[in-house]
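Numbering (UniProt numbering), first residue to last: 1 to 303.
Cβ coordinates follow ideal geometry from the N, Cα and C atoms, glycine included.
Small disclaimer: the values here were computed from a predicted structure and weren't measured.
First the structure, in the form of structure tokens, and then the observations on it.
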Amino acid sequence: MHGEVVPASNGTPTASTTTSTNSKIKTRICRNARTDNGYLLDISKIPNKTEQQHLQTIDQQYKASNFFGIKFLGKNVQRYIEVYPNNEIVDRFVTEGILYESEQSKIRLFPCKAIGGEGKLIQLSLTDIPFLPQAQLLEELSKALGIFEKTLDLGLNYEQSMGWFMGTGYAILQQLPGVNYPALHHSITWKTVSEAEEFCHATFPDMATWCRYCHEEGHTKFECPKALARIICYNCDNAGHRQDTCHKPKKGSSDREFKKARMIPSTTSSAEADKSKWAPSNIQNSDAGTPQPQGQRQQHQNQ
1 MHGEVVPASN
11 GTPTASTTTS
21 TNSKIKTRIC
31 RNARTDNGYL
41 LDISKIPNKT
51 EQQHLQTIDQ
61 QYKASNFFGI
71 KFLGKNVQRY
81 IEVYPNNEIV
91 DRFVTEGILY
101 ESEQSKIRLF
111 PCKAIGGEGK
121 LIQLSLTDIP
131 FLPQAQLLEE
141 LSKALGIFEK
151 TLDLGLNYEQ
161 SMGWFMGTGY
171 AILQQLPGVN
181 YPALHHSITW
191 KTVSEAEEFC
201 HATFPDMATW
211 CRYCHEEGHT
221 KFECPKALAR
231 IICYNCDNAG
241 HRQDTCHKPK
251 KGSSDREFKK
261 ARMIPSTTSS
271 AEADKSKWAP
281 SNIQNSDAGT
291 PQPQGQRQQH
301 QNQ
């Protein structure tokens, strides 16, 4: 559940919701209401307001008598309102939303229709969307996604400060019970009005394994034949595999073994020869039979 910055009339979105800015935010909440004529408002985008202040703001713009009822739901960052406008104001309520004004900012919050009926909801994150006119793009995307499920919401994401479109969007689909739908795949393809082949990529919960390199399903990037074909092994300098899976001996391994063998000390010398000349001897010295260090011989002579 979150809000979406709505493009202004000239096709560019307004700035993000910060102090000293003007923003238009569309509510995006995928939930059912108690009845089919319910609407939802994501008031988590309007911080530091009490329930009474929200009620006063809505009453000033539409009058409480024009609503069948209102209910506050959720907590903190997921706080939202479930509201039921009557038929006289519902169109204006949907198109104009609620305006929150302060000395630092003006925020217009638009409601979204509560989801009607039963069924499984699927939220899609869309990437690699082609760069086409907005109206054409939304129409063609809606048709391409419509064969999989019922499209509840579809939108394009814009850079908030200047309005650049960078090829990403979202969609919310609903699978109705008792209806057989085609399997939803990572790659969504369609034909444009000029019969050109176009595509975008979708990610969604519980989707099949897909490759981040070639975007085909059934394998990961580390198993992708196309990705492996571009890899050069540092060990054998051949393409198609990595160094850790190379079957050839590692470079420099024979030299290291030879150097290691040369450093092993010889075992033919006696134990006394291997000792340091300063190490104490376990054999007791005698004045007659055992040679003594020079310092000890001088000491005996002085005695």
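Member of 47, 109, 247, 173 whose CA lies at the smallest distance from the CA of residue 205: By 1-based counting over the sequence shown, the position of residue 205 is 205. Considering only alpha carbons, the answer is 173.
Reduced DSSP category for residue 99 - H, G, I as helix; E, B as strand; rest coil: Numbered from its first residue, the sequence shown carries residue 99 at position 99. Of the three classes helix, strand and coil, the one that applies to residue 99 here is strand, per DSSP.
Reduced DSSP secondary structure (H/G/I, E/B, other) of residue 248: In the sequence shown, the residue the question calls residue 248 occupies position 248. Three-state result, residue 248: coil.
Check this for me: beta carbons of residue 202 and residue 184, under 9 Å apart or not? Reading the sequence shown from its first residue, position 202 is the one you call residue 202. Reading the sequence shown from its first residue, position 184 is the one you call residue 184. Taking 9 Å as the Cβ cut-off, residue 202 and residue 184 qualify as a contacting pair.
Please report the residue range of the alpha helix (DSSP H) in which residue 201 lies. Indexing the sequence shown from 1 puts residue 201 at position 201. Unbroken run through residue 201 is the beta strand (DSSP E), 197-203; no alpha helix (DSSP H).
Bridge partners - residue 316, DSSP secondary structure assignment: Residue numbering for the chain in the displayed model covers 1 to 303; residue 316 lies beyond these limits and cannot be assessed.
Could you please give me the residues that DSSP links to residue 85 through a beta bridge? Taking the sequence shown and counting its residues from 1, the one referred to as residue 85 is at position 85. DSSP output for residue 85 lists 67 as bridge partner(s).
Between the segment 146-160 and the segment 68-77, can you find at least three pairs of beta-carbon atoms closer than 8 Å? no
What do you get for residue 200, buried or exposed, if any count of 16 or more other CB atoms within 10 angstroms of its CB means buried? Taking the first residue of the sequence shown as 1, we reach residue 200 at position 200. Looking at its Cβ environment, which holds 16 or more other Cβ atoms inside 10 Å, residue 200 is buried.
Helix, strand or coil: which one does DSSP assign to residue 184? Against the sequence shown, residue 184 aligns to sequence position 184. Reduced to three states, the DSSP call for residue 184 is coil.
Three-state class that DSSP yields for residue 22 in the structure shown: In the sequence shown, residue 22 corresponds to position 22, counting from 1. It is a strand residue.
Helix, strand or coil: how does DSSP classify residue 222 here? Against the sequence shown, residue 222 aligns to sequence position 222. Helix, per DSSP.
Whole-number beta carbon distance between residue 128 and residue 167, since they are thought to touch under 8 Å: Within the sequence shown, numbered from 1, the residue matching residue 167 stands at position 167. Within the sequence shown, numbered from 1, the residue matching residue 128 stands at position 128. Indeed, because the Cβ distance is near 6 Å, the residues count as touching under 8 Å.
Using only CA atoms, which one of 243, 220, 218, 106 lies nearest to residue 25? Walking along the sequence shown from the start, residue 25 turns up at place 25. It is 106.
If you reduce the DSSP assignment to three classes, tell me which class residue 208 lands in. Locating residue 208 in the sequence shown gives position 208, where the first residue counts as 1. Three-state result, residue 208: coil.
Helix or strand or just coil, what does DSSP make of residue 57? For the purposes of this step, residue 57 is taken as residue 57 along the sequence shown, with counting starting at 1. The answer is helix: DSSP assigns residue 57 an H, G or I state.
How would you call residue 97, buried or exposed, if buried means at least 16 neighbouring beta carbons within 10 angstroms? Locating residue 97 in the sequence shown gives position 97, counting from the first residue. So residue 97 counts as buried.
Could you give the first and the last residue of the continuous beta strand (DSSP E) run that contains residue 106? Locating residue 106 in the sequence shown gives position 106, counting from the first residue. Annotation: the continuous beta strand (DSSP E) that includes residue 106 extends over 106-110.
Out of curiosity, what's the CA-to-CA distance linking residue 229 and residue 216? Numbered from its first residue, the sequence shown carries residue 229 at position 229. Numbered from its first residue, the sequence shown carries residue 216 at position 216. Taking the straight line from one Cα to the other gives about 16 Å.
Using the rule of at least 16 other Cβ atoms within 10 Å of the residue's Cβ for burial, across every protein chain shown, is residue 220 buried or exposed? One-based indexing of the sequence shown puts residue 220 at position 220. Counting Cβ neighbours within 10 Å, residue 220 comes out exposed, since fewer than 16 surround it.
Give a yes or no on whether the C-beta atoms belonging to residue 124 and residue 43 are separated by under 9 Å. Here residue 124 corresponds to residue number 124 of the sequence shown, with the count starting at 1. Here residue 43 corresponds to residue number 43 of the sequence shown, with the count starting at 1. Their beta carbons are not under 9 Å apart, which means residue 124 does not touch residue 43 by this criterion.
Counting Cβ pairs closer than 8 Å, one from the segment 110-122 and one from the segment 31-48, do we hit at least three? yes
Comparing C-alpha positions only, which one of 137, 213, 177, 222 sits nearest to residue 189? Counting from one through the sequence shown, the residue named residue 189 turns up at place 189. Residue 137 is the option with its Cα nearest to residue 189.
Please classify residue 145: does DSSP put it in a helix, a strand, or coil? Here residue 145 corresponds to residue number 145 of the sequence shown, with the count starting at 1. Of the three classes helix, strand and coil, the one that applies to residue 145 here is helix, per DSSP.
Please classify residue 79: is it buried, with 16 or more other beta-carbons within 10 angstroms of its beta-carbon, or exposed? Residue 79 sits at position 79 when you count from the first residue of the sequence shown. Looking at its Cβ environment, which holds 16 or more other Cβ atoms inside 10 Å, residue 79 is buried.
Between the alpha carbons of residue 101 and residue 227, how many angstroms are there, rounded? Against the sequence shown, residue 101 aligns to sequence position 101. Against the sequence shown, residue 227 aligns to sequence position 227. Cα atoms of residue 101 and residue 227: separation of roughly 53 Å, rounded to the nearest angstrom.
Which residue or residues does DSSP assign as beta-bridge partners of residue 190? One-based indexing of the sequence shown puts residue 190 at position 190. DSSP, once it has assigned bridges, lists 198 as partnering residue 190.
Residue environment, residue 142, which counts as buried when at least 16 other CB atoms sit within 10 Å: As a working mapping, residue 142 is identified with position 142 in the sequence shown. It counts as exposed.
CA-CA distance, residue 90 and residue 213? Position 90 of the sequence shown, counting from 1, holds the residue named residue 90. Position 213 of the sequence shown, counting from 1, holds the residue named residue 213. Looking at the two C-alpha atoms, the distance is approximately 47 Å.
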